[in-house]
Structures are given as structure tokens and as C-alpha cells.
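Please read the structure below before turning to the comments.
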Amino acid sequence: MTDVSIAPAVTTGPIAGSTKVYRNGVPVRRVHLTNGEHLDLYDTSGPYTDEEAVIDLDAGLPRREVIRDRGTQLQRARTGEVTPEMSFIAEREGVSAELVRDEVARGRAVIPANHNHPEAEPMVIGKAFAVKVNANIGNSAVSSSIAEEVDKMVWATRWGADTIMDLSTGRDIHQTREWILRNSPVPVGTVPMYQALERVGGDPVQLTWEVYRDTVIEQCEQGVDYMTVHAGVLLRHIPLTVNRVTGIVSRGGSIMAAWCLAHHRESFLYTHFDELCDILARYDVTFSLGDGLRPGSIADANDAAQFAELRTLGGLTRVAKSHGVQVMIEGPGHVPMHKIVENVRLEEELCDEAPFYTLGPLATDIAPAYDHITSAIGAAIIAQAGTAMLCYVTPKEHLGLPNRKDVKDGVIAYKIAAHAADLAKGHPGAQARDDALSRARFEFRWEDQFHLSLDPDTAREFHDETLPAAPAKTAHFCSMCGPKFCSMRISHEVQEAMAQKSREFAEQGNQVYLPVVTT
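In this text, residue positions in the sequence shown follow full-length UniProt numbering: the first is 1, and each later residue adds one.
Shown next, in the form of C-alpha cells:
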């Protein structure tokens, strides 16, 4: 695996105030509080972030035992089997293993776990479980290297990405993916079309089923867990995009549209879909049926082209499931807030409630450099409505290839959106972290506030800009209100006064002191 042109290691440090522990064999991040309590959090960072360390990328991650001869997770769930992956997931999610099995059997959840990626820890994507976040990485023809992309993967999973998509379109696509897979503790997705296009010199017209099929098999053999396949872009759909403001914005969708028009026949992804199902079933690779005609602007949201493709994806979902292949459906895109929920309703109706996996959606088009915010707004709404996984957007969306900091900013923005949706849906245990942080805030336990936050480093940095001294970590105020106007300090005084009055009232033989208001 070694290549002298590739950096052999990535330096990473601990997440402040916490350590990795294993609870019933499942890793969690344990936050240690100053009052002697602790809180265990879902952790995706892999086995190497407990302390300041240099990650040996050449060694790769430990590999778990995988059963290869009993079929896919979907097929095994249908027979009533609770697989080791389902048991692991149940402990992580705080639910029963039978619930995991039943949701997978119904096709409402997927476990992306290629037999050839045993480095990844099992996870589930489905609306009955915590909302997941995907982070896109990958080089381009004009920027980045293998080392940089692996570094982004480590950085993304450190801050909570549940899956990674390698969308490399530049040089060394195979080798970049190999380094990512061998070091990724989370499932890895790809768009095989990108590598297939590279093999025909970047000319969509030269693509063939055989080139694409061989690319898919190669990626399955490497260990890719789920694949975006734009099989719903049909020849008859293309005229529906002509009057759009932004046309076809999906790379995979535009490639297939160009091929269909050049050959004036149906996409080979659609005509060879059964064969594709047989290949993916062999490795238990999950379909992520791509939204090649997703809207790329607010003006194009929820149009005829988008929903025509969605109806096609519903039919393909049923074909895939008949082959025992797990399926999730990709969604928009750019959608104003009042049109977002309709996307979930239609996807569930047309695609038999297969897990929905959406890019954003961006709720407005006017904020280049802040699209991690415009999209997180839409992501929170669509996740509350039932979307199972959110594909992050970074501040560089529409502008350039994201760097390490952009990846972190995108992941944090989407962890906020996902957690807000989990709270709204009443996911088991979701509110525990909010309550712990709120208690720490009211009790002026500043260190615990930092450590319970999604980004402890930045929380501390912002506090210390104005009050860096050690005594400020126990002060009953911050620099916004100062010592005289802190509402929580005053609230403490009110509570203490009430407690004193109650004690005096009790000494006089009464039960509870309640202030009397006269008019």
C-alpha cells in the first residue's frame, strides 16, 4: 500500500474533555463532567482519537469479522436473523436489535456494509434511527492529493460524519479510494460513473455498459459500501429540463443525459439494472439511487423533471429489493422551505419508504460562501419530516474544492441540523446532551459547557477571547452581560431568596412559601 509520494501519517489530537470507551463492545465518546458525572455520546471517529497521536495510514484500521455466505443484510433480515451488525447498531442507537432487523427487512433502513470493508463499524440509515450525516471528499482535476483527501476523511469522522463519499474526479482515483477505505471507520460511498468517465478520456459519448460494469466490480472488490447510480435519468425526461434556470446540475445526471442524447436510446444504467443488482448483491453493496435531475436552483424546485425521475426510482427500488439489494433514495438539492416536506411525502409514497438521503436542501440561492448555513436550514426541516441521512454542504459549495476547515464547518453545521431533527422526532436519548449542557450553563460549569458542545475547541476559543484567565472558568458571568447583568446569576439569587423564605415559612408551621401579589 505504501507510495513514497503519499504522506504516511495524519496528526490528530483528542476531542477536549472526553475519552473513547467501549460499552458492550461498541465505542462511545465519554464526556467527563466536573460534577463527577459523565455522558456517553455516539462516536464515529474510529479507534485512534483517544489522545494526541500520529495515525499510521500505512497500517490501516483493524478489520472486524464478516460473514460472507448468508446473503445481504436485507435477505438475512427477511429470514428473521439478527446479524452481528444489527446487534452492534442496536447498542449504538439505544434501541432493540429486533427493531433494527424489522426496519431493514421492510426496506425502511439500510446497513451499508460491503463484505470487503471490514474496517468500518456497522451503522444504520433509516428514519426510525438517529439522523445521519455524510461528508463528501475527493480530489478534482485541478486540486488536492491523496494525502489531503485522507486527512479530510480523518477530520470529518473526528467531528461526527457517519459516512464518507469519495467523489474524486482527478488523478489516482483508484489509489485515493484504497487509502480512504483502508483507513475509514465509517461506510464509504462513491459515484462509479466518475471513474468510468475517466477511463474513456472524459467523453460521455464513449461510455459503455462494459466499462461501467467493470468499474463497479472493481469498486465492490475494494470495499465501497454504497454507490450512487443515476439509473432514473431516462431519455424522455431530458426535454423536461430544457426550460430550467440551471438545467441539469448533477454531474452523473448530466453525463447520462449527454450519453442518451448522443445515442438516442435509453441509459445503459436503466437497461442493465437487473445485472447491476446481481453484482451489488454479491458484495452487499447498497444502492444510493441518484437524483440526476435534482433542482439546482430555487426556481427549479419540485418541477416535472425532478418528480418524473423520482417515480422511475420507485420502480427501480422494487426491482433492487427483489434481488435482495438494500436501497436508499437521493433527494434535492435547492428547495424553498415551503416546498421541502412535499419531497419527503412523495419519496415515501413512490419509493416504498426507502431511506431518503438528501443534499441539503438549500433554502435560498443568495449566499455563496455561506451555503453550509442555507442548506442546514433546509436539512433540519427535511430531516424532521423523515429524511434519514443528510449530505453536508461546505462553505465552498459552488465556489471551490473544500479544505480541511471547510469539511469541519460543513460537518458541524449538519450535526446541528441532524440533532435538531432528532430532538423534534423524540429520538431516544437525544435530549440528554441538551439537558446536560443546559445544567452546566446554569451552574456556571464552563469547562463542562465546552466539553459537551459539538465543537469544544471553538466554544473555548470564543469564551477566552475576552476572559482567558483561569478564574473566568468559575465566574458567574461571561463578557456579554458582565457581572451585574447576568440573568442566570440573578436567577440564582432569586432561587436562594425563595429557598430562604420557604425555610422561614416552614419554621412558622406552614408548608410552602408562595409570594402574595396584591393589587
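Quick reminder that beta carbons are idealized off the backbone N, C-alpha and C, glycines included. Just so you know, these numbers come straight off a predicted model, no measurement behind them.
Grab me the residues of residue i's own chain with a C-beta within less than 8 Å of its C-beta, minus the 5 sequence neighbours each way, in chain order.
i, result
"E275", "R213"
"M165", "N134, A135, N136, I137, G138, V188, G189, T190, V191, T228 and C391"
"C181", "According to the sequence as given, residue 181 is Leu; it is not Cys. Cβ neighbours of L181 beyond the five flanking positions: H117, E119, V188, Q222, G223 and V224."
Which class does residue i belong to by DSSP, given the choice of helix, strand or coil?
i, result
"T190", "strand"
"A506", "helix"
"T317", "helix"
"F268", "helix"
"R70", "coil"
"E85", "helix"
"T176", "helix"
"K396", "coil"
"S145", "coil"
"H38", "strand"
"residue 523", "No information on residue 523 is available, as it lies outside the stretch 1 to 519 that the chain covers here."
"L470", "Per the sequence shown, residue 470 should be read as Ala rather than Leu. Of the three classes helix, strand and coil, the one that applies to A470 here is helix, per DSSP."
"H115", "coil"
"F356", "strand"
"V344", "helix"
"C481", "coil"
"S166", "A small correction: the amino acid at residue 166 is Asp; Ser does not occupy that position in the sequence shown. Three-state result, D166: strand."
"A231", "coil"
"I55", "strand"
"T19", "strand"
"M1", "Low local confidence applies: a pLDDT of 44 at M1 is under 50, so the model's placement there is unreliable, with the coordinate-based value given in what follows. Here M1 sits in coil by DSSP."
"H476", "coil"
"C391", "strand"
"R433", "helix"
"V200", "coil"
"H32", "strand"
"G126", "strand"
"N403", "coil"
"Y226", "strand"
"A135", "strand"
"P47", "helix"
"V26", "strand"
With a 10 Å radius around its C-beta and 16 neighbouring C-beta atoms as the bar for buried, classify residue i as buried or exposed.
i, result
"D69", "exposed"
"G160", "buried"
"M337", "exposed"
"P368", "exposed"
"N116", "buried"
"Q306", "buried"
"M498", "exposed"
"Y194", "buried"
"I89", "buried"
"H476", "exposed"
"V142", "exposed"
"D406", "buried"
"C351", "buried"
"Q500", "exposed"
"G509", "exposed"
"A299", "exposed"
"R108", "buried"
"T474", "exposed"
"H427", "buried"
"V245", "exposed"
"V517", "exposed"
"S438", "exposed"
Excluding five sequence neighbours on each side, which residues of the same chain lie with their C-beta closer than 6 Å to the C-beta of residue i?
i, result
"R282", "none"
"S87", "A97"
"P27", "K20 and D43"
"S45", "T157 and R158"
"L33", "D448"
"R311", "L350"
"Y513", "K501, S502 and F505"
"E353", "R108"
Mind checking whether the beta-carbon of residue i lies closer than 6 Å to any heavy atom of the ligand HEM?
i, result
"R460", "With respect to the ligand HEM, the structure shown offers nothing to examine, as it has no ligands at all."
Spatial neighbours of residue i within its chain, please: CB distance less than 7 Å, with the 5 preceding and 5 following residues excluded, ordered by chain position.
i, result
"T83", "Q73 and R76"
"S491", "none"
"residue 533", "A question about residue 533 goes unanswered here, because the residues of the chain that appear run from 1 up to 519."
"E52", "Legend: pLDDT at E52 = 47, less than 50; position of this residue unreliable, value from coordinates given subsequently. Within the same chain, E52 has close Cβ partners G13 and P14."
"P361", "P332, G333, H334, V335, I340, S375, G378 and I382"
"residue 535", "The structure shown does not extend to residue 535, since the chain is modelled only from 1 to 519, so the question has no answer here."
Between the region 100 to 107 and the region 374 to 384, do three or more beta carbon pairs fall short of 8 Å? no
Counting pairs of beta carbons, one from the region 183 to 195 and one from the region 234 to 244, are three or more of them closer than 8 Å? In short, these stretches do not touch, since the Cβ pair count stays below three.
Can you check the region 235 to 309 for any beta strand (DSSP E) of at least 3 residues that lies completely inside it and give the ranges in chain order? 286 to 289
Are there three or more Cβ pairs, one per stretch, closer than 8 Å when the region 57 to 69 is compared with the region 107 to 122? yes
Does the region 104 to 114 come close enough to the region 397 to 415 to have 3 or more Cβ pairs within less than 8 Å? no
Would the region 278 to 293 count as touching the region 309 to 329 if we require 3 or more Cβ pairs under 8 Å? yes
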